[in-house]
Each structure stands twice: as C-alpha cells, then as structure tokens.
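As numbered in our numbering, residues 5 to 96 make up the sequence shown, in order.
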Amino acid sequence: MIDAKEAQELAKSKLVKVWSSLDQALDSAILKAIEEGKNKVDIALWYKDCREDDKHVEAYLIQLWYSNVKISSDYPWYNESYEGKTFIKFSF
Numbered sequence: 005m006i007d008a009k010e011a012q013e014l015a016k017s018k019l020v021k022v023w024s025s026l027d028q029a030l031d032s033a034i035l036k037a038i039e040e041g042k043n044k045v046d047i048a049l050w051y052k053d054c055r056e057d058d059k060h061v062e063a064y065l066i067q068l069w070y071s072n073v074k075i076s077s078d079y080p081w082y083n084e085s086y087e088g089k090t091f092i093k094f095s096f
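Here it is in structure tokens:
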C-alpha cells in the first residue's frame, strides 16, 4: 500500500495542464456564467488563445470535474485563409 506522499506525487504526474491564455479564458467564461445565473459555458476561442488539442482540453475540463464536456475545432485547410477557432461547451 502506498503512503500519502507517494499518492500525492502520483496524482501530480497525471494532472493535465494547459496554456495560461486558455485557463484565463475559461475562468472568465465561468465567472460570467455564474454572474448570469447559468450553469453552462459555451465559448469560442481563437487559435492564439487555445492551442491545445481537443482531447487535451477535454481531459483538462474533466479533471476539474466539469460535465457534459464537448470540444470541437474549426481550423482552415491548406488553401483557406481564416484563423482557426475552438468551440468549448460544458456545464458545472
């Protein structure tokens, strides 16, 4: 059986981390939802604010105990000239 210190180190190694720009955008979206009396967040972030893979963002939100997490991205093909977006939906 492992002791508390070993369990803490094991938990730290499995934590998913994201860029601070994504974390700040999520924090402000959550605060806005709380202020409006909602329990769902639905935001779209430009590529510069969310560079993570969809599965990585999903794992991060699930790790923070959010539910109904849905992530999708719209990135341009090689011949298109718009900037990509990531669409994030979840509830708390």
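Every residue, glycine too, gets a C-beta built ideally from N, C-alpha and C.
Since we're looking at a predicted model, the values are computed, not measured.
Between the options, which lies nearest to residue i when the distance is taken from Cα to Cα?
i, options, result
"Tyr86", "Glu62, Asp78 and Ile92", "Asp78"
Could you give the DSSP three-state label for residue i: helix, strand or coil?
i, result
"Ser76", "strand"
"Leu19", "coil"
"Ser95", "strand"
"Ser71", "strand"
Does the beta-carbon distance from residue i to residue j come in below 8 Å?
i, j, result
"Asp53", "Ala29", "yes"
"Leu68", "Leu49", "no"
"Phe96", "Tyr64", "no"
Assuming residue i and residue j make a contact with CB atoms under 8 Å, what is their CB distance in whole Å?
i, j, result
"Phe94", "Val45", "6 Å"
"Ile47", "Val61", "With a Cβ gap of about 11 Å, Ile47 and Val61 do not count as contacting."
"Trp81", "Arg55", "With 8 Å as the limit, Trp81 and Arg55 do not qualify as a contact, their Cβ atoms being about 18 Å apart."
So residue i is in the alpha helix (DSSP H); what residue range does that whole segment cover?
i, result
"Asp27", "Ser24 to Glu39"
Hey, could you find the ends of the beta strand (DSSP E) residue i is sitting in?
i, result
"Leu65", "From DSSP, Leu65 is part of no beta strand (DSSP E) but of the alpha helix (DSSP H) over Asp58 to Gln67."
"Trp50", "Lys44 to Trp50"
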